[in-house]
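Okay, so here's the structure we're looking at.
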Amino acid sequence: SGTMRQLVTVLAVIVAGIGLVGADEHWWQHANFYQIYPRSFMDSDGDGVGDLLGIQSKVSYLRQELGVDAIWLSPIFKSPMADFGYDISDFKDIHHEFGTIADLESLAAECKAQGLKLVLDFVPNHSSDEHVNFQKSVNREAGYEDYYLWHPGKLLENGTRVEPSNWISVFRGSAWEWNEKRQEYYLHQFVKKQPDLNYRSEKVVQDMKDVLTFWLQKGVSGFRIDAVPYLFEIEMTDGQYPDEPETGKTDDPTNPDYVEHVYTQNREETFDMMFQWRKVLDDYKAEHGGDDLILMAEAYTPLANIIRLFGENGRAGAQIPFNFEVLSNIFKDSTAQDFYDNAMRFYQALPSDQFANWVLGNHDNKRLASRLGVSRADLYNIVLNTLPGIAVTYNGEELAME
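Mapping of the sequence shown onto mature numbering (1 follows the signal peptide of the UniProt record, and there is no 0): residues -23 to -1, 1 to 379, in sequence order.
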């Protein structure tokens, strides 16, 4: 078709313009990553829920038939499942429906035997409100008083107590929730059952680094870091958090677009934390040997921030800050020129010593075939796997599933 000819031409232009890097590089620099949503991928025990042993049974297929280099698992940790496992009640345990730590170690061993890398989701911005540390913080136990973000709120002249600020959750409504037992509000940038961790607490920072080390010891090769822009909020001034400026985009004060998230996203400290996490991985590799350990970063944020996540001022960050330029801006009626423009926008911003990555689908979006058309699905998959650098495929999209 005309579209296919156009895209093939565009692909040739991009590849020619970029130049190809030698193949004798580190394993991840030209890797095919395959995102697995464990719940719906493969069920080993017939209970209707996918699990780790189900994934293990497909490792040979993924490596030998699909040519996958690494699998990234969406969250598998202990969770009450208020947000599909992104509300974690124990960062060092496996959710019972998915299996056990022994199953994870077995999967890691099978991956290693087949030459496949295993990457886990790391959800550092928040925990579940059922996490023991949240309960300790509610009770103001020593060392946990400021483990989450707490505030008594504002007292109006009529004596009414209201939220500390006008901050709005990603899922609508105030980002502050009153806790009756502690008699304070806690911050939740996502759902109410996902209280934000306080990264200005040294204990939080160390505990989350320990989580990374714990899973590295189980045989994983890296982490995809969830919701990076939300890690830090502005510090209080005179005991108060400032209101965020209104955007004028909507009259609905519960809509997250009602305010400009200047005090709750993309704070300077967020980039520093990424560099600290990379150092945890680099130090682990230096001590234990082996192949590179990698960080993938999920951030729906302006491109300039994505580029900063690679690293700066001599400090290394994530090797793979996800490139969502094509994913976010290509639709069924998009042209080959549109694809070229979006691909090149990322490539022209890419530091010369870094590697491009290409993401066309994930669990947060409708499937590629549904968004871009079944007839074009194979074409887009060819493009994804031909562009220089790293390809990230969401499970099932290689089959044009809708």
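Ideal placement from N, C-alpha and C gives every residue a C-beta, glycine not left out.
Residue i versus residue j: straight-line alpha-carbon distance, rounded
| i | j | result |
| --- | --- | --- |
| D220 | W144 | 7 Å |
| D70 | D318 | 43 Å |
| L159 | F111 | It is worth fixing the name first, because residue 159 is Arg in this sequence and not Leu. Between R159 and F111, the C-alpha separation is close to 11 Å. |
| G120 | E154 | 22 Å |
| P222 | N362 | 42 Å |
| A8 | S83 | 23 Å |
| Q91 | R40 | 7 Å |
| D229 | F191 | 44 Å |
| Y261 | F54 | 22 Å |
| E122 | D67 | 19 Å |
| W335 | D20 | 29 Å |
| G150 | H238 | 14 Å |
Identity of the residue in the options nearest residue i by Cα
| i | options | result |
| --- | --- | --- |
| I211 | Y240, E161 and C88 | Y240 |
| F148 | K158, L193, T231 and A85 | T231 |
| T77 | R244, R40, A152 and D28 | D28 |
| G196 | L93, Q296, L174 and L132 | L93 |
| R177 | E246, A320 and I48 | E246 |
| A152 | T190, H103 and E179 | H103 |
| W127 | A313, E275 and N175 | N175 |
| F248 | D259, T214, A79 and T278 | T278 |
| K169 | A59, D24, R285 and D315 | A59 |
| M213 | P141, L280, V115 and L272 | P141 |
| V236 | E157, T224, A333 and K113 | T224 |
| F209 | R244, K131 and W192 | R244 |
| N156 | K89, S146 and N116 | N116 |
| A194 | N282, A368, G31 and G267 | At residue 194 the sequence reads Gln, which differs from the Ala that was named. Nearest C-alpha to Q194: G267. |
| G62 | G31, L43, K89 and H108 | H108 |
| D184 | L133, P52, A85 and V257 | V257 |
Cβ-based burial, residue i [other Cβ within 10 Å; buried from 16]
| i | result |
| --- | --- |
| S37 | exposed |
| T370 | buried |
| A320 | buried |
| V(-3) | With a pLDDT of 47 at V(-3), under the threshold of 50, the modelled position of this residue cannot be trusted, and the question is left open. |
| H72 | buried |
| N135 | exposed |
| L270 | buried |
| G25 | exposed |
| Q171 | buried |
| A47 | buried |
| N203 | Checking the sequence, you will find Asp at residue 203 rather than Asn. By the 10 Å Cβ count, D203 comes out buried. |
| D173 | buried |
Within 9 Å, strictly: CB atoms of residue i and residue j
| i | j | result |
| --- | --- | --- |
| V100 | L50 | no |
| V45 | Y11 | yes |
| L164 | Y125 | yes |
| P328 | F301 | no |
| D98 | D64 | no |
| G291 | R285 | no |
| V205 | A274 | yes |
| G130 | E161 | yes |
| Q33 | E87 | yes |
| Y218 | F167 | no |
| L272 | Q296 | yes |
| Q253 | V182 | yes |
| W5 | F332 | yes |
As assigned by DSSP and simplified to three states, the class of residue i
| i | result |
| --- | --- |
| I283 | helix |
| K180 | helix |
| Q91 | helix |
| K69 | strand |
| F18 | helix |
| W144 | coil |
| R138 | strand |
| Y235 | helix |
| V205 | helix |
| G366 | coil |
| residue 381 | Limits of the chain in this structure are -23 at one end and 379 at the other, which puts residue 381 out of reach. |
| T190 | helix |
| L84 | helix |
| V(-3) | With a pLDDT of only 47 at V(-3), under the threshold of 50, the placement of this residue in the model should not be trusted; the figure read from the coordinates follows. In the structure shown, V(-3) sits in coil (DSSP, three-state: anything other than H, G, I, E or B). |
| Y371 | strand |
| Q217 | strand |
| G267 | coil |
| R244 | coil |
| S151 | strand |
| Q12 | strand |
beta-carbon residue i near the ligand NAD non-hydrogen atom, thresh 8 Å
| i | result |
| --- | --- |
| K94 | No copy of the ligand NAD appears in this structure; indeed no ligand is present at all. |
Test: residue i CB closer than 9 Å to a CB of chain D
| i | result |
| --- | --- |
| L208 | Reference to chain D is not applicable here, since this structure consists of a single protein chain. |
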